[in-house]
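**Q**
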Amino acid sequence: MPSGLIAYLDSVKSRDPAARSRWDVLFYPGVWALGLHRVAHWLWEGHLFFVARLVNHLARFLTSIDIHPGAKIGARFFLDHGFSVIGESAEIHDDVTIYQHVTLGGTNPTTGVGGKRHPTICSGVVIGSGAQVLGPIEVGEGAKIGANSVVTKDVPASATVVGIPAKPVPVDTVHYSPGFLPYGTPCGEDVDPARLRVAELERELDDLRKEVAALSAERQPRPKVKSA
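According to the numbering used here, the sequence shown is numbered sequentially starting from 1.
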């Protein structure tokens, strides 16, 4: 194998616990989709739009992954499994990992800058399965997007966002690791902002009930002591 291909397969293998060998990784649909996209993008840049679309159609048929030939993708991109869509003006930097059923989609063209309708994904980002990243926004370097999140605003570097709409979640600074997080979704504890807020309100309500009960007990009339 060429050294460049070996380095790429090793980078994918290091991010997939299920990978057993380079040959195993070589037959991943995401690897084939990326390889065919490199060809389609080269044709697209050469203004051979029809031929680029044919290659894109072949890739979609073989892998169930739809990457527009105009999308710009950096080094060591790993799209695990399939059924994902990446739009024309999307930009993906190096070492990005995306799981199945993810959409890097567009919004109203008038909201973009210079015709850009799709997101920019910076280096080292992990996007969990089912996430929708929409519009000409930027997901900062090293950020993580939880499964099934809907992202319509910029995400700061190294942040973790979850929910609909996606919101940042607190980071455990004691156990935080800046390394790769498989699947992109922290599962050690409940990190849904809405659920955390509901739990906080329930605790506050319980405290108020206890205070009301204590005040009611203080106001209860004391029983009169009968004189002998």
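Glycine included, each C-beta is placed from N, C-alpha and C at the ideal position.
#1: Is any heavy atom in the ligand SAM found nearer than 8 Å to the beta carbon of Q220?
#2: Identify whether L48 lies in helix, strand or coil by the three-state DSSP scheme.
#3: Name the one or two DSSP bridge partners that T152 has.
#4: Please list, in chain order, all residues of the same chain as A157 whose beta carbon is under 8 Å from its beta carbon, the five residues on each side excluded.
#5: For the structure I just gave you, are there three or more beta carbon pairs, one from the segment 25-37 and one from the segment 63-70, closer than 8 Å?
#6: Identify whether T173 lies in helix, strand or coil by the three-state DSSP scheme.
#7: Which stretch, first to last residue, makes up the beta strand (DSSP E) that contains G105?
#8: For S155, which residues from the same chain have a beta carbon less than 6 Å from its beta carbon, with the 5 sequence-adjacent residues on both sides left out?
#9: In whole angstroms, give me the CA-to-CA distance for A52 and F78.
#10: Taking the alpha carbon of R197 as the point to measure from, which residue in K210, P170 and V55 has its own alpha carbon closest?
#11: Evaluate E202 with the Cβ neighbour count: other Cβ atoms within 10 Å of its Cβ, from every protein chain shown; 16 or more gives buried, anything less gives exposed.
#12: My guess is that A90 and A71 are in contact by the Cβ rule of under 8 Å, so how many angstroms apart are they, rounded?
#13: Buried or exposed: which applies to D80, given that a residue is buried once 16 or more other Cβ atoms fall within 10 Å of its Cβ?
#14: Whole angstroms is fine: what's the gap from A217's alpha carbon to K210's?
#15: Alpha carbon to alpha carbon, how far is V25 from N56? Give it in angstroms, no decimals.
#16: I'd like to confirm the pairing. Which residues does DSSP put opposite V126 in its beta bridges?
#17: According to DSSP, L205 sits in a beta bridge with which residue or residues?
**A** Short version:
#1: For the ligand SAM, the structure offers nothing, since it holds no ligand at all.
#2: coil
#3: Checking the DSSP bridge columns, you'll see T152 has no partner listed.
#4: The answer, listed in chain order, is C122, G140, E141, G142 and A143.
#5: Three or more pairs of CB atoms, one per stretch, sit closer than 8 Å, so the segment 25-37 contacts the segment 63-70.
#6: In this prediction, T173 has a pLDDT of 49, which is less than 50 and means its spatial position is unreliable; nothing more can be read from the coordinates.
#7: Run containing G105: T103 to G105, per the beta strand (DSSP E) assignment.
#8: What sits at residue 155 in the sequence shown is Val, not Ser. Taking C-beta separations shorter than 6 Å and ignoring five residues to either side along the sequence, the partners of V155 in its chain run V139, G140, A143 and V161, following chain order.
#9: 21 Å
#10: P170
#11: exposed
#12: 5 Å
#13: D80 comes out buried.
#14: 11 Å
#15: 21 Å
#16: Bridge partners of V126: T97 and K144.
#17: BP columns for L205 are empty, so no partner.
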